[in-house]
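Protein chains in written order, with my numbering: chain X, 30 to 257; chain V, 30 to 257. Don't be surprised by glycine CBs; every beta carbon is placed ideally from N, CA and C. Note that this is a predicted model, so its numbers are computed, not measured.
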DNA sequence: ATCTGTGAATTTCTTCACAGCA
DNA sequence: TGCTGTGAAGAAATTCACAGAT
């Protein structure tokens, strides 16, 4: 889990665990396509994605994909199927709230503009930053958030503010109709039903690593690692 | 998950899913302690942590904690038990490789220094950055990485480089004895057994949100959201 | 009366293992 | 023969529901 758990009905049947892996497959396939690879077997793709090949095949079968027995999967075709499933065929307007180092890093993140996401707003509460251009987008006062979110039909809001501001920003986003939120602030957000929140939490990740590190040191034991 | 799956033996029995939630409990409890709250019930703590209370109780019982029936848990005691379990009682030397906006954001991240983690190195491949002070730490050439990791007994390496450099940096970290890696680069890392990798992947998170967003738009349906 | 601790039921996810198509 | 697709088995995680402590 980056780490979001919650209840999630069967939808049309694609499990969360599978959805969470699709972006990885998509990225690996993109790399293969760029290198001109035409077909790939489940073993190869699974290896490159760091998963078990039976799991990969099961994941793909849930997308009603079809490989060719004895051959493998068509890279381009698989790419477009996964892309469509993930909703990458349309463009999602995104706002980033909080233009500190993290907000800047996110705004400048290449994969952002590249695939399906368009940064339509950068907001901050510090007047010093108003008007500044970051990744070609002008920083606006966070008080413009509601209007902007409505005007641009923002689908996804990214919270990169300090923890204390996070819930408040979240509330404004939700009130403005944003139903998908990516939260980088170390705070638990509460939202109404129908709103999805995913969190990215540096401190948690470090602490989880520290736990395992401690176990490793504890008894000079050789153990099996986790690969991501 | 954030998102790391892999095989993980029972250790002394604490499941991964539980470990991944401990940092959240720890953070919430820290907030309660600061506000002078002495005891907390499983319902309250679960609510504030965004989890089901039975799950919380089960998680805590795995730590051999003990609450008082009819009352709840002692906040301070629970904090120290979770902290100890997570290995926060000792200090973990951390290096960050890649001093772009993301690396800076990580270096300046408050929770870094505050709880159990000490930034002992910032490395980059761009000579322009050498010598620069970030969060009080001088940026050094990435070629110093191996020596530094050895000298400082680095436990955790954070990769905040572009994707193309990630595997190479990872290899150096591993060769230098680092067995816990937090990877922010959009790349699948391969590591030997005994090395833990956790990944934080912005593009994946956005794509997962896009998937759900698409489902929501598809059929104007009211559904249950995910809370983090 | 309240709230913990936990067996048992349930659901979700993973892995195995192999039938069957190319 | 090589590799996919999947039923069935297995493992892990979640949730229920309630006995029992305070």
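Neighbour list for residue i in chain V, Cβ cutoff strictly below 7 Å
{"i": "residue 215 of chain X", "result": "56, 140"}
{"i": "residue 161 of chain X", "result": "Going along chain V, no residue has its Cβ under 7 Å from residue 161 of chain X, so there is no contact; the nearest lies around 14 Å."}
{"i": "residue 129 of chain X", "result": "134"}
{"i": "residue 99 of chain X", "result": "Within 7 Å Cβ-Cβ: nothing; residue 99 of chain X doesn't reach chain V, min ~26 Å."}
{"i": "residue 90 of chain X", "result": "Within chain V, no residue comes near residue 90 of chain X; the closest Cβ sits about 18 Å away, beyond 7 Å."}
{"i": "residue 211 of chain X", "result": "234, 235, 238"}
The alpha helix (DSSP H) enclosing residue i, as first and last residue numbers
{"i": "residue 56 of chain X", "result": "45-63"}
{"i": "residue 88 of chain X", "result": "82-91"}
{"i": "residue 109 of chain X", "result": "104-115"}
{"i": "residue 98 of chain V", "result": "Run containing residue 98 of chain V: none; DSSP gives neither H nor E here."}
{"i": "residue 1 of chain X", "result": "Here chain X comprises residues numbered 30 to 257, so residue 1 of chain X is not present and cannot be evaluated."}
{"i": "residue 132 of chain V", "result": "130-137"}
{"i": "residue 75 of chain V", "result": "71-78"}
{"i": "residue 184 of chain V", "result": "Residue 184 of chain V -> no alpha helix (DSSP H), and no H or E assigned at all."}
{"i": "residue 164 of chain V", "result": "Unbroken run through residue 164 of chain V: none, as it is neither H nor E."}
{"i": "residue 219 of chain V", "result": "Residue 219 of chain V -> no alpha helix (DSSP H), and no H or E assigned at all."}
{"i": "residue 233 of chain V", "result": "231-247"}
Residue i, buried or exposed, once every other Cβ within 10 Å from all chains shown has been counted against 16
{"i": "residue 52 of chain V", "result": "buried"}
{"i": "residue 241 of chain V", "result": "buried"}
{"i": "residue 145 of chain X", "result": "buried"}
{"i": "residue 254 of chain X", "result": "With a pLDDT of 45 at residue 254 of chain X, under the threshold of 50, the predicted position of this residue should be treated as unreliable, though the coordinate-derived value follows. The residue in question, residue 254 of chain X, is buried, as its Cβ has 16 or more Cβ neighbours within 10 Å."}
{"i": "residue 114 of chain V", "result": "buried"}
{"i": "residue 234 of chain X", "result": "buried"}
{"i": "residue 33 of chain X", "result": "With a pLDDT of 32 at residue 33 of chain X, under the threshold of 50, the predicted position of this residue should be treated as unreliable, and no value is reported."}
{"i": "residue 55 of chain V", "result": "buried"}
{"i": "residue 99 of chain V", "result": "exposed"}
{"i": "residue 208 of chain X", "result": "buried"}
{"i": "residue 178 of chain V", "result": "buried"}
{"i": "residue 39 of chain V", "result": "Residue placement at residue 39 of chain V cannot be trusted, given a pLDDT of 37 that sits under 50; the coordinates are not used to answer."}
{"i": "residue 31 of chain V", "result": "Note that residue 31 of chain V scores 30 on pLDDT, short of 50, meaning its location in the model is unreliable; the coordinates nonetheless yield the value given after this. The residue in question, residue 31 of chain V, is buried, as its Cβ has 16 or more Cβ neighbours within 10 Å."}
{"i": "residue 72 of chain X", "result": "exposed"}
{"i": "residue 133 of chain X", "result": "buried"}
{"i": "residue 64 of chain X", "result": "exposed"}
{"i": "residue 232 of chain X", "result": "buried"}
{"i": "residue 78 of chain X", "result": "buried"}
{"i": "residue 230 of chain X", "result": "buried"}
{"i": "residue 236 of chain X", "result": "buried"}
Within chain X, the residues that residue i reaches when beta carbons sit closer than 7 Å
{"i": "residue 48 of chain V", "result": "237, 240"}
{"i": "residue 62 of chain V", "result": "Here the premise fails: no neighbours, minimum Cβ distance about 16 Å."}
{"i": "residue 145 of chain V", "result": "239"}
Per-residue contacts from residue i into chain V (C-beta, under 8 Å)
{"i": "residue 204 of chain X", "result": "Here the premise fails: no neighbours, minimum Cβ distance about 15 Å."}
Bounding residues of the beta strand (DSSP E) (the contiguous stretch that carries residue i)
{"i": "residue 209 of chain X", "result": "209-212"}
{"i": "residue 151 of chain X", "result": "146-153"}
{"i": "residue 158 of chain V", "result": "It is not in any beta strand (DSSP E) - residue 158 of chain V carries neither H nor E in the DSSP assignment."}
{"i": "residue 225 of chain X", "result": "225-228"}
{"i": "residue 124 of chain V", "result": "121-126"}
Closer than 9 Å at the beta carbon, the chain V residues around residue i
{"i": "residue 75 of chain X", "result": "Within chain V, no residue comes near residue 75 of chain X; the closest Cβ sits about 11 Å away, beyond 9 Å."}
{"i": "residue 78 of chain X", "result": "217"}
{"i": "residue 115 of chain X", "result": "236, 237, 239, 240, 243"}
Beta-carbon separation (whole angstroms), residue i vs residue j, contact threshold 8 Å
{"i": "residue 174 of chain X", "j": "residue 205 of chain X", "result": "7 Å"}
{"i": "residue 220 of chain V", "j": "residue 203 of chain V", "result": "6 Å"}
{"i": "residue 140 of chain X", "j": "residue 122 of chain V", "result": "With a Cβ gap of about 30 Å, residue 140 of chain X and residue 122 of chain V do not count as contacting."}
{"i": "residue 67 of chain X", "j": "residue 104 of chain X", "result": "6 Å"}
{"i": "residue 131 of chain V", "j": "residue 110 of chain V", "result": "Contact flag wrong, Cβ pair sits at about 33 Å."}
{"i": "residue 94 of chain V", "j": "residue 107 of chain V", "result": "6 Å"}
{"i": "residue 126 of chain V", "j": "residue 152 of chain V", "result": "5 Å"}
{"i": "residue 57 of chain X", "j": "residue 217 of chain V", "result": "7 Å"}
Within chain X, the residues that residue i reaches when beta carbons sit closer than 8 Å
{"i": "residue 229 of chain V", "result": "31, 229, 231, 234"}
{"i": "residue 52 of chain V", "result": "230, 232, 233, 236, 237"}
{"i": "residue 185 of chain V", "result": "235, 238, 239, 242"}
{"i": "residue 42 of chain V", "result": "Result: empty, since nearest Cβ-Cβ is about 12 Å, beyond 8 Å."}
Contacts of residue i in chain X (Cβ-Cβ under 9 Å)
{"i": "residue 193 of chain V", "result": "In chain order: nothing, as chain X lies at least about 11 Å away."}
{"i": "residue 150 of chain V", "result": "Within 9 Å Cβ-Cβ: nothing; residue 150 of chain V doesn't reach chain X, min ~15 Å."}
Residue i Cβ short of 7 Å to the ligand FMN heavy atom set
{"i": "residue 115 of chain V", "result": "Looking at this structure, you won't find the ligand FMN or any other ligand, since it has none at all."}
Decide yes or no for the touch test of the segment 44-51 of chain X against the segment 78-89 of chain X: beta carbon pairs closer than 8 Å, at least 3 of them.
-> yes
Pair every Cβ in the segment 215-234 of chain X with every Cβ in the segment 154-173 of chain V, then say whether three or more of these pairs are closer than 8 Å.
-> no
Segment contact flag, the segment 157-167 of chain V with the segment 186-202 of chain V, C-beta cutoff 8 Å, min 3 pairs | no
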